[in-house]
Amino acid sequence: MILIFNLTFRLALWLLLAPLLPGVINKVKAWVAGRRGAPMFQLYYDLAKQWRKGVVMSTLASPGFIAGPAVAWAAVTGAAMLMPLGPAGGALSFRGDVLLLVYLLALARFCTAWAAMETGSAFEGMGAAREVSYAVLAEAAIIAAVLSLSVQTGSVSLITMLSPSAGAGAVLLAAGLFAVLLSENCRVPFDDPNTHLELTMIHEAMILDHSGPPLAAILHGASVKLLLFAVLLVQAVLPMRELSPLAAAGALAAGVLTVTLSVGLVESLMARLAFRRVTLLLTTAFLLCLFALLVAWKGGAK
Amino acid sequence: MSASTPFALLANATSILWAEVPTWPAAEFICATAAELKRGARLCAWFGLPDGSGTCLVAVLAFDADNTLAVGRSEPFSGSYPALTLLHPQAHLFEREVWEQHGLTPEGHPWLKPVRRTSGNAPANGEFFRVHGSEVHEVAVGPVHAGIIEPGHFRFQCAGEEVLFLEIALGYQHRGVEEALAGGPHRATMSQMETAAGDTTIAHATAYATVMEALAGTEAPLHAQWLRAMALELERLANHAGDIGALANDVAFLPTSSACGRIRGEFLNLTALICGNRFGRGLVRPGGCGQDLEPGRGAQLIERLETALAEAEQAVAWFWEAASVRARFENVGTVFPAQAASIGLVGPAARACGLVRDVRYDHPAAWHRFAQAPVAVWPSGDVFARARVRSLEMQRSGEYLREQVAAPAEGDLRSELAPPAPNTFAVALVEGWRGEVCHAAVSDDAGRFRRYKIIDPSFHNWSGLALALRGAAISDFPICNKSFNLSYCGFDL
């Protein structure tokens, strides 16, 4: 009974808080540019609007066009439920849950790419091709990061892995994971979430033909994913177990806010990378995580 | 060099009796034109003029080094003639246009298809150049775009992210401007000229007014020339500021993007300060100007100009100082100088390839005979160069305006124009912000337009965009496109 209550509460927290992050990022960007900007809750309004709309579906598309976003949303939400939340710990913790998390994220990507290819549009095929190409490198970086945490703590369970500080490798890990966060969530300098130019899009190009509730699922799923990466990054770096529950909760919230503000600042002050340079930056992120792994393995705390 | 040409020479903004324009049989006319182009002339205009049962071809050439223009024509004929394009690629769109409008077939033209319309069909229905191969895929963009822009179709032949070939199809707007001008000037003609390409109002209106003045054998009062020159530079400043902001926006560099959008408005408001309209409509009129800079507003103009220029300087400085921006622009979308010369690029796009090509300098008319802004050139031919030339031109136009506002020309605002001379050919070139705006008119026995031809700089430069994309990444198309920022409506006349 307590488990069900716990799960429901967590689910509500993830689903309701996630759309706030893009709102904060956009506020930061507007503030730097000297504009008032869209309301903080704009994504909530957009989701409500999309939810009320009908779905336009190509006659060429199979039901996968709808199923893709649905499965992807469920996978990302599932991954979020595996994530321990500071002092509250994990609700569904088990040995090896970190592997499930990685695979759920991969499943979500597969489904989005699959749905993108359904209409046979050149744009969406191009977007899907780019998304999976860059994902190869981003996933390598995530796995290296997970391995380093795993070596550090001698565990393959998120709750144990994320509790202590990442030690000497924390800075490397933070930098690597932040780059991965930007890439995985289609932020500048990897992608431009505001662009209307189909030819330069990665993620946005994949969802051009989606409308109504499936689009709402995609948008919401993307915000949950952003929150998921922010929470992962903060917990991987901060020593959660060593703080009092209240301090840990505060540190987690402040950490997520800091990450979000940083995303907004990067987006305000940096131009987007040319595609041919994206691989370079992602490789750097992978190397940073790899060095964190080496530090954990050879020069770590123990 | 030009002294020995068989073509009739005339200066910019002047006229010549139609009977005095030298005439050749079609094939010899092509040879003569090809010979002049080979000697370094540039093709400004090439159009057909129906005459009896046939059509004569008319060529307007520019000898930039000699500061003179030349005009020649063929005898009226129908059927076909040897294509000039084979020798000089800069003729390729012109010959397609003449074929489409008058049915004269250029024999041996490598890519003969309509430039604006097929019978009843949209241009995209024509056949596109295709690259075959299992790795090659085709991306079709437009004519409906995601942004609020005009219609145009871009067909890319790609191998992965690399563009092998780009073909651009325009002509979706069916504006009928040239048809509307025949038999003119009509009451609506002035307004039609101001909207030939709405962002180039001053340049097109000035070119038209100059043609009317040349046909009347006079020129506008000095005070009006002074006012037109200032408005032209304000138009350049506004559009260049907008373009630099748009380039920043396309690489997601927010500081410059946000600032330039507003600064463009400041420059537009300065034009409004002169004539009451942000795009300068109602300012330029045949014989002079329709509005004057009111006394006392000169000081206000200077004050607001200084502020806007300082802000623009700052916004552009952020741009050049950001390594992430330069990495996106350098060595992207390169057009080589030899290519630029052979396809006849004009304006900032040509100057960004190191070609010193500026009507204000090469063919000065009106106020530009007395005061010129230095020509801004950059050698590298890439997106960076095109942005750089724009920012240099902004500085120089600003400097020019400072000097000119301080030293106004006295005199009348407008003089009464004599009726246009009959059977006369007149030509006017104006360096608009996008490049050379060319207007040419041939009057009939009554002094009405037998033919009025407008060549917007975009007509020359669209081929440049297609060349810039060869071998580029398809994701760099938007910044290449923005760096040229060509007009769709100026093309779809």
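These protein sequences, in sequence, are chains A and B.
Per this note's numbering, the very first residue in the first sequence carries number 269; after that it's consecutive.
Per this note's numbering, the very first residue in the second sequence carries number 144; after that it's consecutive.
Cβ coordinates follow ideal geometry from the N, Cα and C atoms, glycine included.
Since the structure is predicted, the reported quantities are computational estimates derived from the model, not experimental observations.
- Proximity of chain B to residue 468 (chain A) at the Cβ level (cut-off 7 Å) is accounted for by 618 and 621, in chain order.
- Distances from the CA of residue 215 (chain B) to each of B:237, B:168 and B:228 were compared; the closest alpha carbon is that of B:168.
- By the 16-neighbour rule on beta-carbons within 10 angstroms, residue 457 (chain A) is buried.
- The Cβ neighbour count for residue 445 (chain A), taken over all protein chains shown within 10 Å, is at least 16; the residue is labelled buried.
- Per DSSP, the continuous beta strand (DSSP E) segment holding residue 189 (chain B) begins and ends at 185-194.
- Within the region 484-546 of chain A, the complete alpha helix (DSSP H) segments of 4 residues or longer fall at 513-537, listed in chain order.
- A Cβ-Cβ distance of about 27 Å is found for the pair residue 586 (chain B) and residue 233 (chain B), leaving them out of contact under the 8 Å criterion.
- Within the region 433-467 of chain A, the runs of alpha helix (DSSP H) at least 4 residues long that lie entirely inside it are, in chain order, 438-452.
- Note that the region 522-535 of chain B touches the region 466-478 of chain B; at least 3 beta-carbon pairs, one per stretch, sit closer than 8 Å.
- When the beta-carbon positions are compared, residue 363 (chain B) and residue 431 (chain B) come within less than 8 Å of each other.
- Residue state for residue 304 (chain B) is assigned as coil, using DSSP reduced to three classes.
- Collapsing the DSSP output to three states places residue 414 (chain B) in a helix.
- Near chain B, meaning a CB-to-CB distance below 8 Å, the residues of the region 455-480 of chain A are 456, 457, 460, 462, 463, 464, 465, 466, 467 and 468.
- In the same chain as residue 431 (chain A), and ignoring 5 residues on each side of it, the C-beta atoms closer than 7 Å to its own belong to 508 and 509, in chain order.
- Of all residues in the region 274-285 of chain B, the ones placed with a Cβ closer than 8 Å to any Cβ belonging to chain A are 280, 281, 282, 283 and 284, in chain order.
- In the three-state reduction of the DSSP assignment, residue 256 (chain B) falls in the coil class.
- Interface annotation, residue 471 (chain B): in contact with chain A, CB-CB separation under 8 Å.
- Contact check for residue 315 (chain A) against residue 484 (chain A) passes: the beta carbons are separated by less than 8 Å.
- Contacts with chain B at 8 Å (Cβ-Cβ) do not include residue 532 (chain A).
- Around the C-beta of residue 631 (chain B), 16 or more other C-beta atoms lie within 10 Å, and the residue is accordingly described as buried.
- Excluding the 5 residues flanking it on each side, residue 394 (chain B) has same chain C-beta neighbours closer than 7 Å at 468, 471 and 622, in chain order.
- Scanning A:359, A:534 and A:383 for the CA closest to the CA of residue 277 (chain A) turns up A:359.
- Within the model, the alpha-carbon separation for residue 536 (chain A) versus residue 460 (chain B) is close to 16 Å.
- Against residue 393 (chain B), the close residues of chain A are 463, 465 and 468, in the order they occur along the chain (beta-carbon pairs closer than 8 Å).
- Just measuring C-alpha positions, the residue of A:337, A:364 and A:553 sitting nearest residue 386 (chain A) is A:337.
- Annotation for residue 280 (chain B): the continuous beta strand (DSSP E) segment containing it runs 279-284.
- In the structure shown, the three-state DSSP call for residue 632 (chain B) is coil.
- Annotated three-state conformation of residue 425 (chain A) is coil, per DSSP.
- The shortest CA-to-CA distance from residue 492 (chain B) to any of B:575, B:465, B:506 and B:441 is the one to B:575.
- Rounded to the nearest whole angstrom, the C-alpha separation of residue 498 (chain B) and residue 518 (chain B) is 10 Å.
- Interface criterion met: the Cβ of residue 396 (chain B) is under 8 Å from a Cβ in chain A.
- Taking all protein chains shown into account, residue 270 (chain B) has fewer than 16 neighbouring C-beta atoms within 10 Å of its C-beta and is therefore exposed.
- In the displayed model, residue 321 (chain A) falls within coil according to three-state DSSP, outside both helix and strand.
- The beta carbon of residue 556 (chain A) sits closer than 6 Å to those of 440, 443 and 444, all from its chain and outside the five residues before and after it, given in chain order.
- Interface with chain B (8 Å Cβ-Cβ cutoff): residue 302 (chain A) is included.
- Of all alpha-carbon atoms in B:402, B:389, B:306 and B:246, the one lying nearest the alpha-carbon of residue 303 (chain A) is that of B:402.
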